[in-house]
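Working notes, beginning with the structure itself.
There are 2 protein chains.
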Amino acid sequence: MESKPKPIPLGNLAETGADEKVERRDAAANRTLILQTAVALFDEHGVSDVNMADIAQAAGVGKGTLYRRFNNKGDLCLALLDTQMSEFQETMLAQMRQMTADGETYMAQLGMFLDALVHFTAVHQPLLCEIQREGLFLLSATLSLPHFWQYMTVSGLLQAATTAGEISPELDIAYIADALLAPLKTDIFRFQREVREFSLERISAGLRSLTAALAAAPS
Amino acid sequence: MESKPKPIPLGNLAETGADEKVERRDAAANRTLILQTAVALFDEHGVSDVNMADIAQAAGVGKGTLYRRFNNKGDLCLALLDTQMSEFQETMLAQMRQMTADGETYMAQLGMFLDALVHFTAVHQPLLCEIQREGLFLLSATLSLPHFWQYMTVSGLLQAATTAGEISPELDIAYIADALLAPLKTDIFRFQREVREFSLERISAGLRSLTAALAAAPS
DNA sequence: AAATAAAATGGACTACAGTCCGTTTATTTG
DNA sequence: CAAATAAACGGACTGTAGTCCATTTTATTT
Numbered sequence: 009m010e011s012k013p014k015p016i017p018l019g020n021l022a023e024t025g026a027d028e029k030v031e032r033r034d035a036a037a038n039r040t041l042i043l044q045t046a047v048a049l050f051d052e053h054g055v056s057d058v059n060m061a062d063i064a065q066a067a068g069v070g071k072g073t074l075y076r077r078f079n080n081k082g083d084l085c086l087a088l089l090d091t092q093m094s095e096f097q098e099t100m101l102a103q104m105r106q107m108t109a110d111g112e113t114y115m116a117q118l119g120m121f122l123d124a125l126v127h128f129t130a131v132h133q134p135l136l137c138e139i140q141r142e143g144l145f146l147l148s149a150t151l152s153l154p155h156f157w158q159y160m161t162v163s164g165l166l167q168a169a170t171t172a173g174e175i176s177p178e179l180d181i182a183y184i185a186d187a188l189l190a191p192l193k194t195d196i197f198r199f200q201r202e203v204r205e206f207s208l209e210r211i212s213a214g215l216r217s218l219t220a221a222l223a224a225a226p227s
Numbered sequence: 009m010e011s012k013p014k015p016i017p018l019g020n021l022a023e024t025g026a027d028e029k030v031e032r033r034d035a036a037a038n039r040t041l042i043l044q045t046a047v048a049l050f051d052e053h054g055v056s057d058v059n060m061a062d063i064a065q066a067a068g069v070g071k072g073t074l075y076r077r078f079n080n081k082g083d084l085c086l087a088l089l090d091t092q093m094s095e096f097q098e099t100m101l102a103q104m105r106q107m108t109a110d111g112e113t114y115m116a117q118l119g120m121f122l123d124a125l126v127h128f129t130a131v132h133q134p135l136l137c138e139i140q141r142e143g144l145f146l147l148s149a150t151l152s153l154p155h156f157w158q159y160m161t162v163s164g165l166l167q168a169a170t171t172a173g174e175i176s177p178e179l180d181i182a183y184i185a186d187a188l189l190a191p192l193k194t195d196i197f198r199f200q201r202e203v204r205e206f207s208l209e210r211i212s213a214g215l216r217s218l219t220a221a222l223a224a225a226p227s
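So the protein lines, in turn, are chains A and W. For the first sequence, the working numbering begins at 9 and goes up steadily by one. For the second sequence, the working numbering begins at 9 and goes up steadily by one.
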């Protein structure tokens, strides 16, 4: 368990190593072609109404080529979200650093993070929905990138809060981190938005009330 | 919003009305035949390794017949779970009545209910997994039966706890009820069990710590 | 520049979900 | 009991995900 007050998620979410073989020129060209085509189709018809065959055809490549780059639609969507996830991450880290400098509590930082995450989830819902449809979530923890770094951030902040005495040391941080993020999984999030018709503010407030309860409970 | 201290979920989960047309004899026979066949196949190969065509063939009926009774695999699994859900429900209601009689708090009852639900989820995980795979969850709130009555129970208890002054009246009960149930959705539950390797006790304890925090926080 | 090896390509192919509709069977009515 | 009607039936059919592999393209070596 990391006990550093400041969690440091991985930098670039897509390529981790340095010894990665360079991609052949035609392959690289096709990757960008596919991504651009996918964006165009998604914009026109909506993410859920576009299938892999459509993308392959529109991009003028075979299905084999498409699947060579992206194992499934979720994988492709993950690639489309990569940049924005990195930016969001950067912004959050900066904000948290600032708040620490301003003497704000870690639980306050957690509240801020969850608020921001609610908005991020709302904005990117269609892509996140596809990303989460796959078993991506299950594969060896490391592989659901979105959940992974969200989890790292939340558990890092909870750990820091524990060390700082803001919450009880009895709490199971690993569990609580998952549990706080659970209602932001797209199926539940969509259910709350579309069926229960909760506003984003209501969802944010609900999550905050949970963190507030944790902070207020006796150790 | 129901403010009764005791939530009363619907009795029989499958058939609600009284004016339901009687099923033709061959249809009824096929339904039981299909269900029995499905159970046998599920037992032999595991729920996830059996598809609808397999079931139809093993039962000696056409796919059309199968789909006429059950819209999809999740629907079929829901039918298989119907009895056990009703029993679980009955047991819980009885237990809660007893606890109320013994002067236990509603939040204590909530803890008990969540504990039991963790075990129920673990035992029936494969079926629940199929049930939740479908958009069943999304359709008009009423239609995800498992979630629906779990939600009714939890929100009912929270409401009662509020009235009894056990938790802050500021809390958004509808939100909290969803949020407490969210980590028991099968994708997250399986992730915690299989990847994080959490024990059932750890999961129960984690949920309890959340309810405890709610109960302990000032109003 | 030609030969070779490795990687990439396209589209046919398999597998499964779910639909459709012409035929059969149970039930009701006369 | 026979005819009429409505429900149920079976399996062919469509649509989509994802795999496979013979062929083509790129990069490397001589």
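Note that beta-carbon positions come from the ideal geometry of N, C-alpha and C, so glycine has one too.
Beta-carbon proximity list for residue i, same chain, < 6 Å, skipping 5 on both sides
i, result
"Leu118 of chain A", "Leu165, Thr219"
"Cys85 of chain W", "Leu135, Glu138, Ile139"
"Pro177 of chain A", "Thr170"
"Met104 of chain W", "Gln117"
Run of the alpha helix (DSSP H) containing residue i, from where it starts to where it stops
i, result
"Pro154 of chain A", "153 to 171"
"Ala225 of chain A", "It is not in any alpha helix (DSSP H) - Ala225 of chain A carries neither H nor E in the DSSP assignment."
"Thr40 of chain A", "33 to 53"
"Lys71 of chain A", "71 to 77"
"His127 of chain W", "114 to 131"
"Ser94 of chain W", "81 to 109"
"Asp62 of chain W", "60 to 67"
Whole-number beta carbon distance between residue j and residue i, since they are thought to touch under 8 Å
i, j, result
"Leu215 of chain A", "Leu188 of chain A", "7 Å"
"Glu142 of chain A", "Gly82 of chain A", "4 Å"
"Ser56 of chain W", "Pro134 of chain W", "7 Å"
"Phe128 of chain A", "Phe96 of chain A", "6 Å"
"Arg77 of chain A", "Arg39 of chain A", "5 Å"
Distance cut-off 7 Å: residue i Cβ against heavy atoms of the ligand SAH
i, result
"Asp110 of chain A", "Absence of the ligand SAH is noted for the structure shown, with no ligands found whatsoever."
Same chain, Cβ closer than 8 Å to residue i, neighbours up to 5 away in sequence not counted
i, result
"Glu174 of chain W", "Thr113, Tyr114, Met115, Ala223"
"Ile196 of chain A", "Ala190"
"Ala149 of chain A", "Any reading at Ala149 of chain A needs caution, since the residue's pLDDT is 48, under 50, leaving its predicted position unreliable; the model's value is listed next. Counting only Cβ-Cβ distances below 8 Å, and skipping sequence neighbours, we find Phe156."
"Lys71 of chain W", "Met60, Ala61, Ala64"
"Glu209 of chain W", "none"
"Val69 of chain W", "Asn38, Leu41, Ile42"
"Glu31 of chain A", "Arg39"
"Asn80 of chain A", "Met60, Glu142"
Contact under 8 Å by Cβ, residue i with residue j
i, j, result
"Leu88 of chain W", "Leu43 of chain W", "yes"
"Val126 of chain A", "Leu192 of chain A", "yes"
"Ser217 of chain A", "Ala185 of chain A", "no"
"Thr161 of chain W", "Met100 of chain W", "yes"
"Ala225 of chain W", "Ala225 of chain A", "yes"
"Ala64 of chain A", "Leu74 of chain A", "yes"
"Phe206 of chain W", "Tyr159 of chain A", "no"
"Ala221 of chain A", "Ala102 of chain W", "no"
"Ser212 of chain W", "Asp90 of chain W", "no"
Same chain, Cβ closer than 7 Å to residue i, neighbours up to 5 away in sequence not counted
i, result
"Val58 of chain A", "Leu49, Phe50"
"Thr45 of chain A", "Ile63, Ala66, Ala67"
"Thr194 of chain A", "Gln133, Leu136, Cys137, Gln140"
"Gln200 of chain W", "Phe206, Ile211"
"Gly111 of chain W", "none"
Enumerate, from N- to C-terminal direction, the unbroken alpha helix (DSSP H) stretches of 4 or more residues contained entirely within the region 168 to 202 of chain W. Listed in chain order, the complete alpha helix (DSSP H) runs (minimum 4 residues) inside the region 168 to 202 of chain W are 181 to 189, 194 to 198.
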